[in-house]
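The opening residue of the sequence shown carries number 1 in the numbering used here; numbering runs sequentially from there. Built from N, CA and C at the ideal position, the CB exists for glycine as well. As the structure is a computational prediction, the values presented were derived from the model and not from experiment.
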Amino acid sequence: MPRTKSHRRSEAAKRRMAEKLAPLVTLAPRTDPDDAHIGVGTGKRHAVKKWEVSSLTGHQHKLTIPAESPDKKFVLLVGDSHLRSIADGIVKMPEGRLSFGVMSTPGGSANDERIELLNSTLPYDPDLVCLLAPTNNLKSTRNPEKAGADFARLLSSILTRWSRLVVVDFPPRLDADLYPQEMMRQEFHRVAVKLGVKFVPIAEHFPVGNTALWARDGVSKNDMLLCRLCWFFMSKPALAPVRTPPVPRHRLRVVLKGEVVSPPPQKDPFSWSAIGQGRKVFDCITECCSFVSSVI
Numbered sequence: 001m002p003r004t005k006s007h008r009r010s011e012a013a014k015r016r017m018a019e020k021l022a023p024l025v026t027l028a029p030r031t032d033p034d035d036a037h038i039g040v041g042t043g044k045r046h047a048v049k050k051w052e053v054s055s056l057t058g059h060q061h062k063l064t065i066p067a068e069s070p071d072k073k074f075v076l077l078v079g080d081s082h083l084r085s086i087a088d089g090i091v092k093m094p095e096g097r098l099s100f101g102v103m104s105t106p107g108g109s110a111n112d113e114r115i116e117l118l119n120s121t122l123p124y125d126p127d128l129v130c131l132l133a134p135t136n137n138l139k140s141t142r143n144p145e146k147a148g149a150d151f152a153r154l155l156s157s158i159l160t161r162w163s164r165l166v167v168v169d170f171p172p173r174l175d176a177d178l179y180p181q182e183m184m185r186q187e188f189h190r191v192a193v194k195l196g197v198k199f200v201p202i203a204e205h206f207p208v209g210n211t212a213l214w215a216r217d218g219v220s221k222n223d224m225l226l227c228r229l230c231w232f233f234m235s236k237p238a239l240a241p242v243r244t245p246p247v248p249r250h251r252l253r254v255v256l257k258g259e260v261v262s263p264p265p266q267k268d269p270f271s272w273s274a275i276g277q278g279r280k281v282f283d284c285i286t287e288c289c290s291f292v293s294s295v296i
């Protein structure tokens, strides 16, 4: 059966549409988002010093506490390998009215940091705790809800010891896909807000296009920039005066006292009254009795 003219026009239209869509297909191939990542950084990092391995978590762990100073507020930084250079003293925190201690657990997840924190002993309590949101949960799980549950337990454990807590967002990682990082970042933010903890986002200060901010591993970043950000965002809450709960005010109760009004005497239920001229009330039984006695 010969093809009609309309059929040939339809086939030509399909070929023209395929030619238009061909460049789009080659420019945007389908890839697995879990395997996509940006790459490695082009920056440098300091030489890593080996720390003692904790018997509690199996990760390297270090706790540094500065000497107590009555003129400075003590801020405790808690995090993973992002705080390694600060704990080793290679990168100095800006000086001022704040003194910083560091609790770093490289490679540790939120649960590992929680275990180390609960078993730590500090010579004096910090005025503020700054928690750097953990990123190693990206390796242990890709479920944001599970990572959020571990993060919630970490925040609750800190709040049981110290009441003042601020969470600083984790810098992006170049060795992992950005989409799971963003999902975990939003989950951490939601958990912090639910528990009444301030959450400070800093991802915008680490543009992924500037690969010089990361080392070749794609994880280690510009430590000086991170230090300045932590100092900037911790200065205001650490130096803010502690709010004391308001003293409840007792309301005065005004009691009015007056003359006690005695109730009227009860009348005989078997008597009845009649109202005469001038609205004068007569006790009928009494009047009748007096009338009868006068007649007799």
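Check: Do three or more CB pairs link the stretch 181 to 196 to the stretch 213 to 232 at distances below 8 Å?
Finding: no
Note to self: Using only the alpha-carbon positions, how far apart do residue 63 and residue 91 sit?
What the structure shows: What you label residue 63 is simply residue 63 of the sequence shown in a count that begins at 1. What you label residue 91 is simply residue 91 of the sequence shown in a count that begins at 1. Near 16 Å, if we compare the C-alpha coordinates of residue 91 and residue 63.
Next item on the list: May I ask you to check if the CB of residue 195 is nearer than 7 Å to at least one heavy atom of the ligand SAM?
Entry: With respect to the ligand SAM, the structure shown offers nothing to examine, as it has no ligands at all.
Notebook entry, point to check: Excluding five sequence neighbours on each side, which residues of the same chain lie with their C-beta closer than 6 Å to the C-beta of residue 31?
Noted result: As a first step, residue 31 must be located in the sequence shown, where it is residue number 31. Confidence at residue 31 is low in this model, with a pLDDT of 38, below 50, so its placement is unreliable and the value that follows should be read with caution. So no residue of the chain qualifies.
Note to self: For residue 235 and residue 228, I'd like the C-alpha separation in whole angstroms.
What the structure shows: Position 235 of the sequence shown, counting from 1, holds the residue named residue 235. Position 228 of the sequence shown, counting from 1, holds the residue named residue 228. Going by the C-alpha atoms only, they are around 11 Å apart.
Item checked: Between the CA atoms of residue 165 and residue 100 - distance to the nearest angstrom -> As a first step, residue 100 is located in the sequence shown; it is residue number 100 there, counting from the start. As a first step, residue 165 is located in the sequence shown; it is residue number 165 there, counting from the start. Cα-Cα distance, rounded: 14 Å.
Notebook entry, point to check: Out of 230, 231, 226 and 217, which has the shortest C-alpha to C-alpha gap to residue 40?
Noted result: As a position in the sequence shown, residue 40 is number 40, starting the count at 1. The shortest Cα separation from residue 40 among 230, 231, 226 and 217 belongs to 217.
Note to self: If contacts are defined as beta-carbon pairs under 8 Å, then residue 102 and residue 77 qualify, I think. What distance do you get, rounded to the angstrom?
What the structure shows: Indexing the sequence shown from 1 puts residue 102 at position 102. Indexing the sequence shown from 1 puts residue 77 at position 77. About 5 Å; that satisfies the 8 Å criterion.
Next item on the list: Can you say whether residue 49 is buried or exposed, counting buried as having 16 or more other CB atoms within 10 angstroms of its CB?
Entry: Position 49 of the sequence shown holds residue 49. Exposed.
Checklist line | Same chain only: Cβ atoms within 8 Å of residue 119, ignoring 5 sequence neighbours per side | finding: Here residue 119 refers to the residue found at position 119 when the sequence shown is read from its first residue. Here the set comprises 56.
Notebook entry, point to check: Mind checking residue 135: buried by the 16 CB within 10 Å criterion, or exposed?
Noted result: Counting from 1 along the sequence shown, the entry for residue 135 is found at position 135. Buried, because 16 or more other Cβ atoms sit within 10 Å of the Cβ of residue 135.
Next item on the list: Would you kindly work out how many angstroms separate the C-alpha atoms of residue 174 and residue 4, rounded to a whole number?
Entry: Within the sequence shown, the letter at position 174 stands for residue 174. Within the sequence shown, the letter at position 4 stands for residue 4. Rounded to whole angstroms, residue 174 to residue 4 spans 58 Å at the Cα level.
Margin query: Can you check which of these residues, 130, 196 and 195, is closest to residue 168 by C-alpha distance?
Written below: Here residue 168 corresponds to residue number 168 of the sequence shown, with the count starting at 1. Closest by alpha carbon: 130.
Checklist line | Own chain, CB closer than 7 Å to residue 8, minus 5 neighbours either side, in chain order | finding: In the sequence shown, residue 8 corresponds to position 8, counting from 1. The answer is none, since no qualifying residue turns up.
Next item on the list: Closer than 8 Å by C-beta to residue 172: which residues in its own chain qualify, once you throw out the five before and the five after it? Chain order, please.
Entry: Within the sequence shown, numbered from 1, the residue matching residue 172 stands at position 172. These residues qualify, in order along the chain: 178, 181, 203, 206 and 208.
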